[in-house]
Amino acid sequence: MHPSCSWHHHFPAVPRAEPAPKAVFSYREGDSQVLKTILKRILQIIPVLFVVVTITFVLTRLIPGDPATVMLGPQASPDAIAQMKERLGLDKPMWEQYVNYLLGVLQGDFGYAYSYSGPVLPIILDRLPATLMITITGLVIAILIGIPIGVESAVKQNTAFDYVFMVLALVGVSMPIFWLGLMLVLFFSVQLGWLPAMGMGSAAKGAWDVISHMILPCSCLATIPGATFARITRSSMLETINADYVKALRARGLTESVVIWKHAFKNALPPILTVLGLQLASAFAGAILTETIFSWPGLGTLIVNAVNSRDYALIQGIVLFSAVIFVFVNLVVDIAYMLINPRVNYESGGQS
Amino acid sequence: MADKNTQAPSADTLSEASTLEMLKRERRANNAWHKLSRNKTAVIGLVIVVIMVILAVFATFIAPQDPNAIDIAHTYLKPGAAGHIFGTDSYGRDLFSRIVYGARISIFVAIGGTIVGAVIGVLLGLVAGFFGGIVDSIIMRIMDGMMAFPFILLALILMTILGTGTLNVILAIGIANVPNFARIVRGQVHVVKNEEYCNAERVLGASNARIVFRHIFANALSPIIVYFTLNIASAIISEAALSFLGLGITPPTASWGNILSDGKNSLQLAPHIATISGIFILLTVLGFNLLGDGIRDVLDPKQKR
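Residue numbers (the numbering used here), protein chains in the order written: chain A, 109 to 460; chain B, 896 to 1200.
What follows is the structure, given as structure tokens:
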């Protein structure tokens, strides 16, 4: 943080002949520094989580309308509404509602979803697997297709292969996926009749029923991440592929595929990992739209239903849940990044 | 006499210096423009963007018909039908006219939302980066918190709070965009803040405002411009997504998003509605993305790979 600190790193007053034991000690010191940075990063999520809970509370309170009236319907008597307000704790001052909400969340109590007649958290957890099923599959497909294309494009820089796939990747990045979803439905379901357009298959009808229902939503969800992986892999690979040490490896007679995949790719990994984290974290946004198109019974359709039926507790719960997931995914990605590339956090030292 | 002699030349050199400075600046600008015009991706992007902007600005002259004129006798006409190159929709409205007017709303909303996000975000980023300490911590933790919400979810909730309507879409997209701009600018401030010339200015007694705007903001401008352009692309998608979910621009006002949403409902009967509106969204997003990539290559040669 302090400007003068960084000077010491650039000009280490180290004598040329450093005694051996000290070198070993400094290695250990490096290790504990990584641990310290990781610990610091973990502690950092506490204020973020606090802010996330607060923003969620404020946002849901700002939604116009009154939960008690919504729950009881427009014909409810003022008495009944007042009673319901008391039951929901809405008659208390705002700060008390906030404290109660905070305490509830800490105990895993996200409130009561009137439109599903049940507590919020179990409803969310019930829908979560369906969302994970298509988002994770979509991401895996994106990785399996995007990264090899990126590597090949870098190896064959400025060839027809490179041009074709980079144009495709650019189109993919710019794709409104809800439109892509409609076009897939139009082509594969309406015109060819090959694949179902709606809902989730059931395992009782066999594996194909499950898979055939997943193909369209997953291709939809794989498009943007896949295109992004292809682009970032290509540009990251172009840097390592032309580095001197890679040329040296080639000169030593290693086969091209070993040079590319084992050495150049390994060193090109950090930016790809960063992008992976970003895509993982934003996968839920894609799920909201994709699930709406394919009537997929996951969290995406749940939030849209909750918004349409003004189920305040449920909206609040899903918003908070997805934000908390985002925070933890980011944490895991950052830690993985630090472990793979420990140099990064030394140089950026105290700067958060 | 001596006084005059010493003063006259100094005034001269001053004006000469400033002319030189101006020339230099002009040359630099020309250079950037020159580079941009030689960058293939940027040119393709620019052409697409310019065409779409022309559609939007001159919609009244380009659209052959009133976009809201209902003609129940001629609903769901196929593209190429007499007088309707893109056909008609479920109310018999001319689809081409609606697309042209939709360009106006969609691009206006996307640029408007990006401007709102940029102005608030840049100010917060400058303040956080420049003052540091507790101010920085508070602002950036709030930004981190906001970033934890998936963009579309945040915009969705904001639209629920604000209610549908064009200005509210702009506001929702703008607010949801603030954290990204704030982060980028804050990062740049940290880079520039401790540079020699900033310290020199401070020693010379320059005010904080002067340092922030004259040096820090000026240096952060390149990444802001790049991000601004790329962000318009994603804002177009956001508008379309919100309208698609029924929480954006309310009909009968045409926007690409709600035309697409209409098209979803008549996908089997009239697939051209969804197809054509989506192609316009895709092309425009592609245009802004290409332009943004091109500008980055030109403004930031270090990043060029």
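Just so it is clear, CB atoms sit at the ideal spot from N, CA and C, and this is done for glycine as well.
This structure is a prediction, so every number in the text was calculated from the model and none was measured.
So what's residue i in DSSP terms, helix, strand or just coil?
i	result
Asp1039 (chain B)	helix
Gly226 (chain A)	strand
Ala262 (chain A)	helix
Asp989 (chain B)	strand
Leu1140 (chain B)	coil
Pro378 (chain A)	helix
Trp1151 (chain B)	helix
Pro1118 (chain B)	helix
Ile1029 (chain B)	helix
Arg360 (chain A)	coil
Leu915 (chain B)	helix
Trp404 (chain A)	coil
Tyr996 (chain B)	helix
Leu303 (chain A)	coil
Ile171 (chain A)	coil
Asp961 (chain B)	coil
Gly197 (chain A)	coil
Pro237 (chain A)	helix
Ala184 (chain A)	coil
Met308 (chain A)	coil
Tyr971 (chain B)	coil
Thr398 (chain A)	helix
Ser417 (chain A)	coil
For the alpha helix (DSSP H) that contains residue i, what are its first and last residues?
i	result
Trp60 (chain A)	Absent from the structure is residue 60 (chain A), since the part of chain A shown begins at 109 and ends at 460.
Met202 (chain A)	202 to 214
Leu1178 (chain B)	1166 to 1194
His321 (chain A)	315 to 349
Tyr271 (chain A)	268 to 281
Val441 (chain A)	420 to 448
Ile1107 (chain B)	Inspection of the sequence shows that residue 1107 (chain B) is occupied by Val rather than by Ile. That residue, Val1107 (chain B), is in no alpha helix (DSSP H); it is neither H nor E in DSSP.
Phe956 (chain B)	954 to 957
Leu1162 (chain B)	Leu1162 (chain B) -> no alpha helix (DSSP H), and no H or E assigned at all.
Asn1075 (chain B)	1061 to 1088
Phe1046 (chain B)	1046 to 1057
Val1098 (chain B)	1091 to 1098
Tell me, please, which residues DSSP counts as bridged to residue i.
i	result
Tyr220 (chain A)	A:Pro227
Ala976 (chain B)	B:His979
Could you give the C-beta distance for residue i and residue j, rounded to a whole number, given that I count them as a contact under 8 Å?
i	j	result
Gly408 (chain A)	Thr239 (chain A)	6 Å
Ile1168 (chain B)	Asp966 (chain B)	Their Cβ separation, rounded to whole angstroms, is 15 Å, which puts Ile1168 (chain B) and Asp966 (chain B) out of contact at 8 Å.
Val367 (chain A)	Arg1036 (chain B)	Rounded, the Cβ-Cβ distance is 45 Å, inconsistent with contact.
Thr336 (chain A)	Val383 (chain A)	6 Å
Ile1065 (chain B)	Gly1008 (chain B)	5 Å
Glu1134 (chain B)	Gly1158 (chain B)	Not confirmed; about 16 Å, so no contact.
Leu157 (chain A)	Val435 (chain A)	6 Å
Ile1154 (chain B)	Arg993 (chain B)	6 Å
Ala1050 (chain B)	Ala1071 (chain B)	5 Å
Ile340 (chain A)	Gly258 (chain A)	7 Å
Ile1119 (chain B)	Ala1013 (chain B)	7 Å
Phe1046 (chain B)	Ala393 (chain A)	6 Å
Ile1171 (chain B)	Leu972 (chain B)	That belief does not hold up - the Cβ atoms of Ile1171 (chain B) and Leu972 (chain B) are roughly 13 Å apart, past 8 Å.
Using the Cα positions of residue i and residue j, report the straight-line distance between them to the nearest angstrom.
i	j	result
Ser343 (chain A)	Ala262 (chain A)	7 Å
Ser430 (chain A)	Gly385 (chain A)	15 Å
Tyr420 (chain A)	Thr168 (chain A)	7 Å
Asn1103 (chain B)	Ala958 (chain B)	51 Å
Gly425 (chain A)	Tyr220 (chain A)	9 Å
Ala968 (chain B)	Gly975 (chain B)	17 Å
Ile150 (chain A)	Asn438 (chain A)	10 Å
Leu346 (chain A)	Lys935 (chain B)	20 Å
Tyr996 (chain B)	Ser1150 (chain B)	7 Å
Ala131 (chain A)	Val142 (chain A)	Here the model assigns Ala131 (chain A) a pLDDT of 41, short of 50, so the residue's position is not dependable, and the following value carries that caveat. Their backbone Cα atoms lie some 17 Å apart in a straight line.
Gly216 (chain A)	Val427 (chain A)	14 Å
Met291 (chain A)	Ala1165 (chain B)	12 Å
Gly309 (chain A)	Leu324 (chain A)	12 Å
Val275 (chain A)	Gly940 (chain B)	13 Å
Val1073 (chain B)	Val228 (chain A)	30 Å
Leu1048 (chain B)	Ala1067 (chain B)	11 Å
Phe1108 (chain B)	Gly1187 (chain B)	24 Å
Asn1075 (chain B)	Ser913 (chain B)	36 Å
Pro182 (chain A)	Arg988 (chain B)	37 Å
Name the chain E residues that come within less than 7 Å of residue i, Cβ to Cβ?
i	result
Ser282 (chain A)	Chain labels in this structure do not include chain E; the protein chains are A and B.
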